[in-house]
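Protein chains in written order, with our numbering: chain A, 1 to 113; chain B, 1001 to 1114.
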């Protein structure tokens, strides 16, 4: 089963700064790596996702960087805002067919004024 | 807007009773849906895969007789927690893939068993 290691566990960033969250995966056979954002008491929401045929994908202030050789991908939040304070999860396909995802342990981000 | 809904959003029940949670895909059909469980400040743990027209497949360690799953139609899956006990209190979340692995999650159901 795919393992996904996420770091850091928690992160405090000043407003306007850059938040960086990292994930490492094991199985190189898969081709879809999403990031989810979750606010307290809510379900996770798909934030941005990347396929390994590109090294970077940018959507607004959110960027995924993908390093296939290192089996790592990271989320960068530019110009972090207090409204970005949430828990972020990376995920990777679990394998064995179907659409199952394995989630990282989560990063609790707090953006301070 | 939301593409996956859940009902109820929260429920409180007495120990020993059963609780049913519904998950609906709103604007697409889903032959597969997933049920997760999340404890406070923890990650999502996949419980089972709900398959339309066939039996659900459960992850290792999940009691299939306790967590009954029925995929009644291409837009509806239900999770029934049978004979609930306080240790079943948790946040239950469903998801459905719309295209390829792009999964959309419901808003979650907070279950509290007294």
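Idealized CB from N, CA, C, for every residue including glycine.
When DSSP builds the beta bridges, which residues end up paired with residue 1057/B? Within the second chain, the letter at position 57 stands for residue 1057/B. Partner(s): 1049/B.
According to DSSP, simplified to helix, strand and coil, what is residue 1063/B? Here residue 1063/B corresponds to residue number 63 of the second chain, with the count starting at 1. Three-state result, residue 1063/B: coil.
Spatial neighbours of residue 1070/B within its chain, please: CB distance less than 6 Å, with the 5 preceding and 5 following residues excluded, ordered by chain position. Taking the second chain and counting its residues from 1, the one referred to as residue 1070/B is at position 70. Taken in chain order, the residues that qualify are 1078.
Let me check understanding here. Comparing Cα to Cα, which of 1093/B, 1019/B, 1035/B, 1089/B lies closest to residue 1051/B? Along the second chain, read from residue 1 onward, the residue named residue 1051/B stands at position 51. Nearest of 1093/B, 1019/B, 1035/B, 1089/B to residue 1051/B, Cα basis: 1035/B.
Could you tell me which residues DSSP puts in a beta bridge with residue 1073/B? Mapped onto the second chain, residue 1073/B falls at position 73. Looking at the DSSP assignment, residue 1073/B forms a beta bridge with 1076/B.
Residue 1026/B, enclosing beta strand (DSSP E) - first and last residue: Sequence index remark: in the second chain, residue 1026/B carries index 26 (1-based). Element bounds for residue 1026/B: n/a, residue is neither H nor E.
Roughly how many angstroms separate the alpha carbons of residue 1060/B and residue 1047/B, rounded to a whole number? Numbered from 1 along the second chain, position 60 holds the residue referred to as residue 1060/B. Numbered from 1 along the second chain, position 47 holds the residue referred to as residue 1047/B. Each residue's Cα considered, the two are about 8 Å apart.
Just to make sure I have the definition right: I need the residues of chain A whose C-beta is within less than 9 Å of the C-beta of residue 1005/B. Which are they? In the second chain, residue 1005/B corresponds to position 5, counting from 1. Neighbours of residue 1005/B on chain A: none; closest Cβ ~10 Å, over 9 Å.
Starting from residue 18/A, trace the beta strand (DSSP E) both ways and give me its first and last residue. To locate residue 18/A, count along the first chain from 1; it is residue 18. Here residue 18/A belongs to no beta strand (DSSP E), and DSSP marks it neither H nor E.
Can you pull the chain A neighbours of residue 1029/B, defined as C-beta to C-beta under 8 Å? Residue numbering aside, residue 1029/B sits at position 29 when the second chain is read from its first letter. Result: empty, since nearest Cβ-Cβ is about 14 Å, beyond 8 Å.
9 Å Cβ cutoff met for residue 108/A and residue 19/A: Within the first chain, the letter at position 108 stands for residue 108/A. Within the first chain, the letter at position 19 stands for residue 19/A. No; because the gap between Cβ atoms is not below 9 Å, this pair is not in contact.
Chain B contacts made by the region 31 to 64 of chain A, where a contact means CB separation under 8 Å: Within the region 31 to 64 of chain A, the residues whose Cβ lies closer than 8 Å to some Cβ of chain B are 32, 34, 36, 41, 42, 43, 44, 45, 46, 49, listed in chain order.
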